[in-house]
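Protein chains in written order, with my numbering: chain A, 2 to 192; chain B, 2 to 192. Where a beta carbon is used, it is the ideal one built from N, C-alpha and C, also for glycine. First up is the structure itself, then whatever we jot down about it.
Protein chains: 2
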Amino acid sequence: MKPKDQNKVEAVYKAMLVLVRQRGLAGITMAEVAREAKMATGTLYIYFKNKESLVAALTDKCVQHMAGGLFKDYNADNDFKTGFQKIWMNIVRHRIAFFNESLFIEQSFHSPFLNDEIRLALKKNFDPLILLLQRGKDEKTIKDIDSFWMLAFIIGGINEIARRVNYFNKKASQQVLETNFQMCWDGIKAT
Amino acid sequence: MKPKDQNKVEAVYKAMLVLVRQRGLAGITMAEVAREAKMATGTLYIYFKNKESLVAALTDKCVQHMAGGLFKDYNADNDFKTGFQKIWMNIVRHRIAFFNESLFIEQSFHSPFLNDEIRLALKKNFDPLILLLQRGKDEKTIKDIDSFWMLAFIIGGINEIARRVNYFNKKASQQVLETNFQMCWDGIKAT
DNA sequence: GTTTTAAGTGAATAATAATTCATTTAATTT
DNA sequence: AAATTAAATGAATTATTATTCACTTAAAAC
């Protein structure tokens with residue numbers, strides 16, 4: 002028997018991300034996705050039951066991916082600022098490199114497809130970061146501000162960097178990232 | 002002759018914003034928009050040539066709206082921080098109150114519809130703010146950081162506040178806004 | 001109050017897009 | 001190397017959605 006070509010699933014995901022970036026979830030058809038992924042329309046339906054489950058599967062994958070790597074190279078023994086900077090850099094680099102994925106999540110968030118389970122998973126991504134912030138507050142290293150809003154401040158800035166790198170075709174050099182981190186840090190550090 | 006009911010255009014815009022918030026640009030049909038706006042499908046086509054021009058018209062309107070009010074109650078005689086805070090508050094309040102409009106712009110940004118003219122108009126919105134930042138840098142009140150990135154820092158934080166207010170149904174009290182402004186200010190102020 | 005004109009209606013039609021399926025292709029097994 | 005099995009194909013079908021249009025309604029002109 003002829004085995005399933007597992008590369009195809011990846012090819013479909015990649016095609017979706019490219020097309021959604023270009024035209025939005027509103028603007029793509031299964032035929033286009035198949036063409037972009039270099040396969041026949043019918044083949045799509047061997048790997049995915051229908052459009053809805055394709056969107057759901059990719060959303061899930063992107064959400065998973067976003068969670069992994071958050072604490073990469075993080076060392077709990079480091080002082081708070083060092084650890085926080087590590088994580089900040091991890092997030093910003095991920096958001097820049099996988100901007101299409103953030104975008105896709107964002108779009109599927111506002112679609113007839115997405116369910117509450119995925120919404121919750123998205124929020125849970127940041128639980129470890131909230132714990133870290135608590136440590137910083139306990140040590141009086143950072144301001145005593147509700148983590149919900151402090152996280153908004155941190156993540157908002159990061160998101161906008163990724164947006165601008167992608168929309169305005171800017172390069173975010175190490176220099177630029179460090180400058181941006183400095184603004185973030187000065188914003189949250191205890192006074 | 003029977004005159005056009007100009008309220009209908011507004012009703013259609015409102016319906017679009019409500020539905021796009023719920024289901025995304027991908028998930029709405031002209032029939033649904035008409036139903037939500039309490040009119041027959043055919044009536045939509047009296048006011049808008051087709052779906053594309055409806056999306057374009059609403060995007061344009063939202064972009065215009067976002068620009069107005071940025072400098073409301075701003076007094077150039079005030080010291081830099083006072084003036085900046087005024088504008089920061091204007092933006093954050095607008096983004097919260099008209100979150101559906103930001104969302105719609107965002108979605109139409111990634112659609113087969115949007116043109117470069119609108120993209121440019123969006124960017125130009127912030128030109129006056131960039132000028133203001135320059136003043137702050139000249140006076141050495143704020144850090145000497147490229148306005149492009151400083152604006153990313155400022156606007157990113159604001160956007161995320163608006164998102165969280167809307168998605169997590171949080172109330173952004175004056176207290177919360179002031180705390181958030183403080184983080185932003187500490188981030189950009191000269192050290 | 002009759003005529004005229006354009007708005008408003010919603011079922012009918014046209015266009016587009018999702019999904020299926022008869023057929024072909026290519027691994028694997030015997 | 002023939003038989004078997006499931007993947008792959010893409011045209012045909014079905015479903016959905018945009019758009020039109022013959023008709024109705026209501027305001028304005030006369």
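Cβ of residue i within 9 Å of any chain A Cβ
{"i": "isoleucine 159(B)", "result": "yes"}
{"i": "lysine 144(B)", "result": "yes"}
{"i": "glutamine 135(B)", "result": "no"}
{"i": "leucine 119(B)", "result": "Contrary to the premise, residue 119(B) reads as isoleucine rather than leucine in this sequence. So no, isoleucine 119(B) is outside the interface."}
{"i": "aspartate 6(B)", "result": "no"}
{"i": "arginine 164(B)", "result": "yes"}
{"i": "aspartate 139(B)", "result": "no"}
Alpha-carbon spacing of residue i relative to residue j, whole angstroms
{"i": "valine 21(B)", "j": "arginine 164(B)", "result": "15 Å"}
{"i": "threonine 30(A)", "j": "glycine 28(B)", "result": "13 Å"}
{"i": "arginine 120(A)", "j": "glutamate 33(B)", "result": "25 Å"}
{"i": "arginine 136(A)", "j": "aspartate 147(A)", "result": "13 Å"}
{"i": "isoleucine 155(A)", "j": "phenylalanine 169(A)", "result": "21 Å"}
{"i": "alanine 77(B)", "j": "proline 129(B)", "result": "12 Å"}
{"i": "lysine 138(A)", "j": "phenylalanine 81(A)", "result": "10 Å"}
{"i": "lysine 171(B)", "j": "tyrosine 48(B)", "result": "37 Å"}
{"i": "glycine 43(B)", "j": "methionine 184(B)", "result": "51 Å"}
{"i": "glutamine 7(B)", "j": "lysine 144(A)", "result": "51 Å"}
{"i": "valine 166(A)", "j": "serine 174(A)", "result": "10 Å"}
{"i": "threonine 83(B)", "j": "isoleucine 162(B)", "result": "21 Å"}
{"i": "tyrosine 14(A)", "j": "asparagine 79(B)", "result": "53 Å"}
{"i": "histidine 66(B)", "j": "aspartate 74(B)", "result": "16 Å"}
{"i": "glutamine 23(A)", "j": "glutamate 118(B)", "result": "17 Å"}
{"i": "asparagine 91(B)", "j": "glutamine 176(B)", "result": "15 Å"}
{"i": "glutamine 108(B)", "j": "leucine 123(B)", "result": "14 Å"}
{"i": "isoleucine 189(B)", "j": "alanine 35(B)", "result": "47 Å"}
{"i": "tyrosine 1(A)", "j": "lysine 50(B)", "result": "No answer is possible for residue 1(A): it lies beyond the span of chain A, which begins at 2 and ends at 192."}
{"i": "aspartate 61(B)", "j": "phenylalanine 99(A)", "result": "29 Å"}
{"i": "alanine 12(A)", "j": "threonine 180(B)", "result": "46 Å"}
Residue j beta carbon less than 9 Å from that of residue i
{"i": "leucine 88(B)", "j": "leucine 132(B)", "result": "Reading off the sequence, residue 88(B) comes out as isoleucine, not leucine. Taking 9 Å as the Cβ cut-off, isoleucine 88(B) and leucine 132(B) do not qualify as a contacting pair."}
{"i": "lysine 141(B)", "j": "alanine 191(B)", "result": "yes"}
{"i": "leucine 178(A)", "j": "phenylalanine 105(A)", "result": "no"}
{"i": "methionine 40(A)", "j": "lysine 9(A)", "result": "yes"}
{"i": "asparagine 101(A)", "j": "glycine 157(B)", "result": "no"}
{"i": "phenylalanine 127(A)", "j": "leucine 152(A)", "result": "yes"}
{"i": "cysteine 63(B)", "j": "serine 112(B)", "result": "no"}
{"i": "glutamate 53(A)", "j": "phenylalanine 114(A)", "result": "yes"}
{"i": "phenylalanine 85(A)", "j": "tryptophan 150(A)", "result": "no"}
{"i": "glutamate 37(A)", "j": "valine 56(A)", "result": "no"}
{"i": "methionine 2(B)", "j": "leucine 59(B)", "result": "no"}
CB contact below 9 Å: residue i versus chain B
{"i": "phenylalanine 81(A)", "result": "no"}
{"i": "phenylalanine 154(A)", "result": "yes"}
{"i": "lysine 15(A)", "result": "no"}
{"i": "isoleucine 86(A)", "result": "What sits at residue 86(A) in the sequence shown is glutamine, not isoleucine. No, because no Cβ of chain B sits closer than 9 Å to the Cβ of glutamine 86(A)."}
{"i": "phenylalanine 127(A)", "result": "no"}
{"i": "tryptophan 150(A)", "result": "yes"}
{"i": "glutamine 175(A)", "result": "no"}
{"i": "lysine 190(A)", "result": "yes"}
{"i": "lysine 172(A)", "result": "no"}
Taking any Cβ of chain A, which residues in the segment 49 to 81 of chain B have a Cβ under 7 Å from it, in chain order?
From the segment 49 to 81 of chain B, no residue has a Cβ closer than 7 Å to chain A.
Positions along the segment 96 to 114 of chain B whose CB lies within less than 9 Å of some CB in chain A
Residues Leu104, Glu107, Gln108, Ser109, Phe110, His111, Ser112, Pro113 and Phe114.
Can at least three beta-carbon pairs, one atom from the segment 64 to 77 of chain B and one from the segment 90 to 100 of chain B, be found at a separation below 8 Å?
Touching, yes, given that three or more Cβ pairs across the two stretches are closer than 8 Å.
Could you please tell me which residues of the segment 177 to 188 of chain A, in chain order, have their CB closer than 7 Å to any CB of chain B?
Sequence-ordered contacts of the segment 177 to 188 of chain A with chain B read Val177, Thr180, Asn181, Met184, Cys185, Asp187 and Gly188 [C-beta pairs closer than 7 Å].
Just by C-beta distance, which residues in the segment 17 to 30 of chain A are closer than 9 Å to chain B?
Using a CB distance below 9 Å, the part of the segment 17 to 30 of chain A facing chain B consists of Val21, Arg22, Gln23, Arg24, Gly25, Leu26, Ala27, Gly28 and Ile29, ordered along the chain.
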